[in-house]
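Down below is the structure, laid out as structure tokens.
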Amino acid sequence: MRRIRGKLTYANVMATIAVFIALGGAGYAAIKLPKNSVGTPQLKKGAVTPAKFSPAAKTSLVGKTGPAGAMGPQGVPGPRGPSNTYFTSNNDETIKAKTITLSVPAGNYIVSASMYATNREAKEDRVGCNLISQDDKFHSGSAVANIPKEPTETIVSYQQPEAQSVFSFGGSGGTIEFKCENFEGTGKVEFYNAQIIATAVGSLSG
3 MRRIRGKLTY
13 ANVMATIAVF
23 IALGGAGYAA
33 IKLPKNSVGT
43 PQLKKGAVTP
53 AKFSPAAKTS
63 LVGKTGPAGA
73 MGPQGVPGPR
83 GPSNTYFTSN
93 NDETIKAKTI
103 TLSVPAGNYI
113 VSASMYATNR
123 EAKEDRVGCN
133 LISQDDKFHS
143 GSAVANIPKE
153 PTETIVSYQQ
163 PEAQSVFSFG
173 GSGGTIEFKC
183 ENFEGTGKVE
193 FYNAQIIATA
203 VGSLSG
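The letter at position 148 of the sequence shown is residue 150 when you use the working numbering, and the numbering goes up by one with no holes.
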């Protein structure tokens, strides 16, 4: 200890204190940087990432939308989809009654049906038509028409009863039936040109 004390001088002590102050000041400066003191030279390459950007900075970097590019080649056509409308007709003439049917796949449909009824005798008759399906007993349609007697041998009286309804089928679909018949009078009523049109729709309400 005596040897160390003997070598201590005022200059040595002050020099040692100065070194500690210098080191402490450098450490303090590394933690508390002055405002606007960091520039491009102080940033490492790749140090700034998009995650560091503020929303305003990101917006300022977005440029105007450029012109649309050229249209690409046409793709291969896809498979043909199912028909949205189903139709059937029958022009055969029958006396007293006529029935026509149409089968459709599963789905919801708006249906209309009609046929001509002709009276070829001098007696007035009445016909009735029903639009039904055994696969959907919740919906049906009907029509009634008076068929006047035949005015003369060259003029024939006729009517076109028409019925509308909606149907809903699940599973494998269903069959729609439209039947007209002479239910009042004894005239010779003939039926012909019957048709059913079923249009598929997305849903039924009401």
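Even for Gly, the Cβ is constructed at its ideal location relative to N, Cα and C.
In whole angstroms, what is the alpha-carbon distance linking valine 113 and glycine 68?
Position 111 of the sequence shown, counting from 1, holds the residue named residue 113. Position 66 of the sequence shown, counting from 1, holds the residue named residue 68. Their Cα atoms are separated by approximately 51 angstroms.
Taking proline 150 as the reference, which of Tyr194, Val203 and Gly187 has the closest Cα?
Position 148 of the sequence shown, counting from 1, holds the residue named residue 150. The candidate whose alpha carbon is nearest that of proline 150 is Gly187.
Below 7 angstroms, is the gap between the Cβ of proline 163 and the nearest heavy atom of the ligand HEM?
Among the components modelled here there is no ligand, and therefore nothing to report on the ligand HEM.
Using DSSP with H/G/I as helix, E/B as strand and the rest coil, what is lysine 181?
Locating residue 181 in the sequence shown gives position 179, counting from the first residue. Lysine 181 sits in a strand when the DSSP states are folded into three classes.
Cβ pair count under 8 angstroms reaching 3, the segment 157-176 against the segment 131-141
In short, these stretches touch, since the Cβ pair count reaches three.
Which residue or residues does DSSP assign as beta-bridge partners of alanine 124?
Numbered from 1 along the sequence shown, position 122 holds the residue referred to as residue 124. None, per the DSSP bridge assignment.
What does the Cβ neighbour count give for proline 43, buried or exposed, with the cut at 16 atoms within 10 Å?
On the sequence shown, residue 43 is found 41 positions in, with the first residue counted as 1. It is exposed - the Cβ of proline 43 has fewer than 16 other Cβ atoms within 10 Å.
Identify whether lysine 100 lies in helix, strand or coil by the three-state DSSP scheme.
Indexing the sequence shown from 1 puts residue 100 at position 98. Note: lysine 100 maps to strand in three-state DSSP.
Any idea which residues DSSP pairs serine 248 with across the strands?
Because the chain in this structure spans residues 3 to 208, residue 248 falls outside the shown range and cannot be described.
Is it buried or exposed, alanine 59, if we count other Cβ atoms within 10 angstroms and call 16 or more buried?
Here residue 59 refers to the residue found at position 57 when the sequence shown is read from its first residue. By the neighbour-count rule (16 or more Cβ atoms within 10 Å), alanine 59 is not buried but exposed.
Under 8 angstroms Cβ to Cβ from proline 52, same chain only, skipping five residues before and after it: list those, please.
Residue numbering aside, residue 52 sits at position 50 when the sequence shown is read from its first letter. Counting only Cβ-Cβ distances below 8 angstroms, and skipping sequence neighbours, we find Lys60.
Isoleucine 102 to glutamate 123 span [Cα, whole Å]
Start at 1 with the first residue of the sequence shown, and residue 102 comes out as number 100. Start at 1 with the first residue of the sequence shown, and residue 123 comes out as number 121. Spanning the alpha carbons of isoleucine 102 and glutamate 123 requires a straight line of approximately 25 angstroms.
Taking a contact to mean a Cβ-Cβ separation below 8 angstroms, would you say tyrosine 111 touches alanine 196 in this structure?
As a working mapping, residue 111 is identified with position 109 in the sequence shown. As a working mapping, residue 196 is identified with position 194 in the sequence shown. No, these two residues do not count as a Cβ contact at 8 angstroms.
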